[in-house]
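Participant: Here it is: the structure, laid out below.
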Amino acid sequence: KGAQASQICITYICEEDRYLAGTLGLSADQTSGNSLNMQDYQGVPSSFPASLAMQDNPAMPTSSGSKGNVKLCSQEEAQRIWKEKPAEIYPIMVKSGRTRLALIICNEEFDTLPRRTGAEVDITGMTMLLQNLGYSVDVRKNLMASEMTTELEAFANRQEHKTSDSTFLVFMSHGIREGICGKKYSEQVPDVLQLNVIFEMLNTRNCPSLKDKPKVIIIQACRGENHGVVWLKDSAGVSRNVSLPTTEEFEDDAVKKAHIEKDFIAFCSSTPDNVSWRHPTKGSVFIIRLIEHIQEYACSCDVEEIFRKVRLSFEQPSGRVQMPTTERVTLTRCFYLFPGH
Numbered sequence: 001k002g003a004q005a006s007q008i009c010i011t012y013i014c015e016e017d018r019y020l021a022g023t024l025g026l027s028a029d030q031t032s033g034n035s036l037n038m039q040d041y042q043g044v045p046s047s048f049p050a051s052l053a054m055q056d057n058p059a060m061p062t063s064s065g066s067k068g069n070v071k072l073c074s075q076e077e078a079q080r081i082w083k084e085k086p087a088e089i090y091p092i093m094v095k096s097g098r099t100r101l102a103l104i105i106c107n108e109e110f111d112t113l114p115r116r117t118g119a120e121v122d123i124t125g126m127t128m129l130l131q132n133l134g135y136s137v138d139v140r141k142n143l144m145a146s147e148m149t150t151e152l153e154a155f156a157n158r159q160e161h162k163t164s165d166s167t168f169l170v171f172m173s174h175g176i177r178e179g180i181c182g183k184k185y186s187e188q189v190p191d192v193l194q195l196n197v198i199f200e201m202l203n204t205r206n207c208p209s210l211k212d213k214p215k216v217i218i219i220q221a222c223r224g225e226n227h228g229v230v231w232l233k234d235s236a237g238v239s240r241n242v243s244l245p246t247t248e249e250f251e252d253d254a255v256k257k258a259h260i261e262k263d264f265i266a267f268c269s270s271t272p273d274n275v276s277w278r279h280p281t282k283g284s285v286f287i288i289r290l291i292e293h294i295q296e297y298a299c300s301c302d303v304e305e306i307f308r309k310v311r312l313s314f315e316q317p318s319g320r321v322q323m324p325t326t327e328r329v330t331l332t333r334c335f336y337l338f339p340g341h
């Protein structure tokens, strides 16, 4: 009984259920194990935490546009969003103590498949975007499926996830319906990363440090065999010549649904059985528009709403026909990036 018993109870709640602790306004002076101090991992306060006010960040531009800049979320806007639905937003950690990580795996060179010209542009764009959102970005290139699995396992075991509030994983490669092609893929060598491996590696059992935290998976790859004239595609099949009205040469990128667990969202560059286009010098159409929309709308929209806006931008076909799709969403709350906080 008394203060000691109350403190034990409060500490237990903080360790076992951060969201409940945040809702109740509880914090523990000491926590143990893999738990985070509640002053670092904000729960669900009635207003946007003052400790998460914007801080100067030379790597974070203050405007948006084609130069790779991200619009910052003002303190007033953050408080407005938080006040509208405080119990329905994923909490974010204090910038000074968090260690956000992101992983980009991009296969550009293959043993038998065509080179994915323009992939370096996608890597640069996504790296800059994620860094501007506060993530330390690891980039891995030209891997076999087994090597991609090894990288995923290592990423899932990173200690930084304990003091992170979210993660991004970006995959860019040739693809088939069964998954993402490794660098040795051919009809005789099924070097393919099954998509459910990605989600299994990051589920609660294999990556407890990301439990209850949003995990965003971006996939730029073909998912089918739609064909074009001088448009090259990132599927492993052979193209047939079909006339398509365009004045530019684009390439397309090909993937399949996968098992997904809680707090995941997967955004694929096209619907099943369709290709995804990539320009040899400008990069992938999907990646270009995704970057532009996050730059413009992350200051006021949650991730699912941003993805909807990306799909809207593809609504009117212009020769490069593809429709990105958000699949098997298991986010239980709104994931706001709050750029600048």
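The sequence shown runs 1 to 341 under UniProt numbering. Note that beta-carbon positions come from the ideal geometry of N, C-alpha and C, so glycine has one too.
Closer than 6 angstroms by C-beta to Ile-218: which residues in its own chain qualify, once you throw out the five before and the five after it? Chain order, please.
Facilitator: Val-170, Phe-267
Participant: How many Å lie between Gly-97 and Thr-163 at the Cα?
Facilitator: 7 angstroms
Participant: Under 8 angstroms, with one C-beta from each stretch per pair, do the stretch 98-112 and the stretch 146-159 reach the 3-pair mark?
Facilitator: yes
Participant: Between the alpha carbons of Ile-180 and Cys-73, how many angstroms are there, rounded?
Facilitator: 35 angstroms
Participant: With a threshold of 16 other CB atoms inside 10 Å of the CB of Arg-116, please say whether the residue is buried or exposed.
Facilitator: buried
Participant: Whole angstroms are fine: how far does the CA of Cys-9 sit from the CA of Ile-176?
Facilitator: 52 angstroms
Participant: Determine, using beta carbons only, whether Phe-286 and Val-216 come nearer to each other than 8 angstroms.
Facilitator: no
Participant: In this structure, does DSSP put Phe-199 in helix, strand or coil?
Facilitator: Reduced to three states, the DSSP call for Phe-199 is helix.
Participant: Classify Gly-125 as helix, strand or coil using the three-state DSSP reduction.
Facilitator: helix
Participant: Note down the Cα distance separating Ala-145 from Lys-184, rounded to an integer number of angstroms.
Facilitator: 9 angstroms
Participant: Determine whether the beta carbon atoms of Leu-143 and Ile-105 lie at a separation below 8 angstroms.
Facilitator: yes
Participant: When you compare each of Gly-340, Glu-77, Tyr-336 to Pro-214 by their alpha carbons, which one comes out closest?
Facilitator: Tyr-336
Participant: State the Cα-Cα distance for the pair residue 343 and Asn-206, rounded to the nearest angstrom.
Facilitator: The structure shown has nothing for residue 343, since the chain only spans 1 to 341.
Participant: First and last residue of the alpha helix (DSSP H) that includes Ile-291?
Facilitator: 285-297
Participant: Can you check DSSP and say which residues form a bridge with Lys-83?
Facilitator: Beta-bridge pairing links Lys-83 to no other residue.
Participant: Starting from Ser-136, trace the beta strand (DSSP E) in both directions and tell me its first and last residue.
Facilitator: 136-141
Participant: So, under 8 angstroms CB-CB, Asn-69 and Ser-173 are touching, yes? Tell me the CB distance rounded to an integer number of Å.
Facilitator: Incorrect: roughly 28 angstroms between the Cβ atoms, too far for contact.
Participant: State the Cα-Cα distance for the pair Thr-127 and Val-137, rounded to the nearest angstrom.
Facilitator: 6 angstroms
Participant: By Cβ distance, which residues of its chain are closer than 8 angstroms to Lys-309, with the 5 residues on each side in sequence left out?
Facilitator: His-293, Tyr-297, Cys-301
Participant: How would you label Val-189, buried or exposed, when you count the other beta carbons within 10 angstroms and need 16 or more for buried?
Facilitator: exposed
Participant: Which same chain residues end up closer than 8 angstroms to Val-192 when comparing Cβ atoms and leaving out the 5 residues on each side of it in sequence?
Facilitator: Ala-145, Ile-176, Glu-178, Gly-179, Ile-180, Cys-181, Gly-182, Tyr-185
Participant: Identify every residue that forms a DSSP beta bridge with Met-172.
Facilitator: Answer is Cys-106, Gln-220.
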